[in-house]
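Here the protein sequences line up with chains A and B, keeping their order.
In case it helps, my numbering puts the first sequence at residues 1 to 168.
In case it helps, my numbering puts the second sequence at residues 169 to 324.
Beta carbons are placed, not taken as given, at the ideal position from N, Cα and C, and that holds for glycine.
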Amino acid sequence: MRCPSCAADNIQGVDTCAECGADLADLDLPEAGRGFSGRLLGDRIGDLKLSPPIVLAPEASVSEAVVAMREARQGCVFIERDGAVAGLFNERHLLTRVLRKDLDPKVTPLSAVMSTDLLQLTPDDPPAFAVHCMVSRGLRHLPVVSEGTLTGFVSVRTILGYLNEMAG
Amino acid sequence: MAKAFDQVLVDVRIDDLPRRRVCRAEPSTPLGEIYRRLDEERGVAVLICDGPELLGIFTERDILYSTALEGSLDTPIGDLMTRDLVTISRDDALVDAIRTMSEKGIRHLPVLGSDGEEAGLIGGRDVLKMIADYFPGTLLNLPPRLHQTMDRPEGG
């Protein structure tokens with residue numbers, strides 16, 4: 001690791017230059033603007049093309065959610081209670097929690113079949129964080145919440161679009 | 169030094185991607201059986217084949233449109249599947265998968281071999297996983313939250 005002030009060669013990871021004492025602490029941090037990794041760590045999720053979320057009440061039925069998802073051509077709906085995100089219902093839940101359990105979609109409320117305790121992103125989080133959650137935790141839709149308000153969501157499709165744009 | 173993103177995109181072939189275990193069915197398979205297999209085999213899509221020939225696909229998303237909400241679970245999947253397939257070749261590059269998925273709005277691509285035979289399926293998350301494998305420092309070794317502060321001492 002070369003010191004930017006005096007060009008002395010230092011051991012990787014040291015905080016100060018052994019030669020001139022310059023601060024080297026920031027040198028080996030991943031830096032925004034350096035290629036792919038830099039963009040994934042430096043860009044903001046708030047600047048991606050986020051999909052506008054469909055928002056329903058906990059009492060809304062699964063059928064209502066399906067109709068809304070079809071119309072918006074989206075794979076999930078968010079459920080808000082008292083103005084805060086309370087849950088998520090997606091096409092996988094439709095299969096595993098409704099159809100396979102022989103529940104009647106017309107009378108089953110979303111509150112009975114939605115996922116709760118959602119991992120939320122903020123607009124300032126980097127795209128790398130969303131990819132990390134999708135890959136390592138198997139999540140497919142991540143709500144983006146700004147000061148308590150749901151402003152959009154990130155899906156696998158959002159990330160593919162972002163990568164495609166970066167690939168040029 | 170790790171490869172650059174652009175290089176990974178063109179160097180990695182579809183064949184290099186860890187393929188999902190594929191669910192396959194015949195056109196006569198009833199919808200209810202397709203639901204059972206997607207659920208129990210944790211599949212994201214079923215490829216509908218007649219022997220080696222790929223006829224169509226039925227994905228999680230199709231459940232929304234041709235659900236048993238209105239129809240019958242006995243409907244043969246051949247009547248519901250998507251026949252107009254967008255596929256990818258096992259020799260294509262990762263960038264081709266990203267482009268096709270992104271521009272056509274499709275998350276699941278059947279993979280075809282050199283003789284046009286069906287050779288599996290890749291999904292959007294498989295692509296993300298592959299990229300994460302190449303850039304673990306950027307994508308996998310992240311703290312749960314980047315600027316997280318703990319509200320309790322460790323072990324507390």
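Closer than 8 Å, CB to CB, is residue 114(A) near chain B or not? no
Which residues does DSSP list as the beta-bridge partners of residue 144(A)? 121(A), 152(A)
Contacts of residue 270(B) in chain A (Cβ-Cβ under 7 Å): 160, 161, 164
Taking any Cβ of chain A, which residues in the segment 243-258 of chain B have a Cβ under 9 Å from it, in chain order? none
Check whether the segment 33-47 of chain A and the segment 75-85 of chain A are in contact - that is, three or more C-beta pairs closer than 8 Å. no
Is the shortest distance between the beta-carbon of residue 96(A) and the beta-carbons of chain B less than 8 Å? yes
Cα-Cα separation, residue 75(A) to residue 18(A): 56 Å
Does DSSP put residue 185(B) in a helix, in a strand, or in coil? coil
Does the structure place the segment 220-232 of chain B close enough to the segment 65-75 of chain A that three or more beta carbon pairs sit under 8 Å? yes
With 16 as the cutoff for other CB atoms within 10 Å, does residue 247(B) come out buried or exposed? exposed
Excluding five sequence neighbours on each side, which residues of the same chain lie with their C-beta closer than 6 Å to the C-beta of residue 176(B)? 302
For residue 203(B), count the other beta carbons within 10 Å of its own beta carbon; 16 or more makes it buried, fewer makes it exposed. Which is it? buried
What does DSSP give as the partner residue(s) for residue 61(A) in the beta ladder? 109(A)
Just curious, the alpha helix (DSSP H) that residue 209(B) is in, first and last residue? Counting along the chain, residue 209(B) falls outside any alpha helix (DSSP H), and DSSP gives it neither H nor E.
Where do the N-terminal and C-terminal ends of the alpha helix (DSSP H) with residue 292(B) fall, by residue? 292-302
Per-residue DSSP class, three states only, for residue 196(B): coil
Closer than 6 Å by C-beta to residue 171(A): which residues in its own chain qualify, once you throw out the five before and the five after it? Chain order, please. One cannot answer for residue 171(A) here, as it falls past the ends of chain A, which runs 1 to 168.
Quick one: does residue 167(A) have its CB under 8 Å from some CB of chain B? yes
Name the one or two DSSP bridge partners that residue 270(B) has. DSSP output for residue 270(B) lists no bridge partner at all.
Can you check whether the C-beta of residue 148(A) is within less than 8 Å of a C-beta belonging to chain B? no
Taking a cut of 8 Å between CB atoms, which residues from the segment 206-224 of chain B lie near chain A? 206, 207
So, is residue 23(A) buried or exposed, given that buried needs 16 or more other C-beta atoms within 10 angstroms? exposed
Within its chain, find whatever has a CB closer than 6 Å to the CB of residue 63(A); leave out the 5 residues flanking it on each side and keep chain order. 105, 106
Could you pull the start and end residues of the alpha helix (DSSP H) that residue 35(A) belongs to? 35-42
Between the Cα of residue 297(B) and the Cα atoms of 191(B), 262(B), 221(B), 220(B), which residue gives the shortest distance? 262(B)
Buried or exposed (CB count within 10 angstroms, at least 16 for buried), residue 169(B): Summary for residue 169(B): the model assigns pLDDT 45, below 50, so the residue's position carries little reliability; its value from the coordinates is reported in the next sentence. Classification of residue 169(B): exposed, given that the 10 Å Cβ count is below 16.
Less than 8 Å separating the beta-carbons of residue 216(B) and residue 278(B)? no
Would you be able to state if there are at least three C-beta pairs under 8 Å between the segment 178-185 of chain B and the segment 112-124 of chain A? no
For residue 287(B) and residue 273(B), what's the separation of their Cα atoms in angstroms? 22 Å
Should residue 292(B) be labelled buried (16 or more other beta-carbon atoms within 10 Å of its own) or exposed? buried
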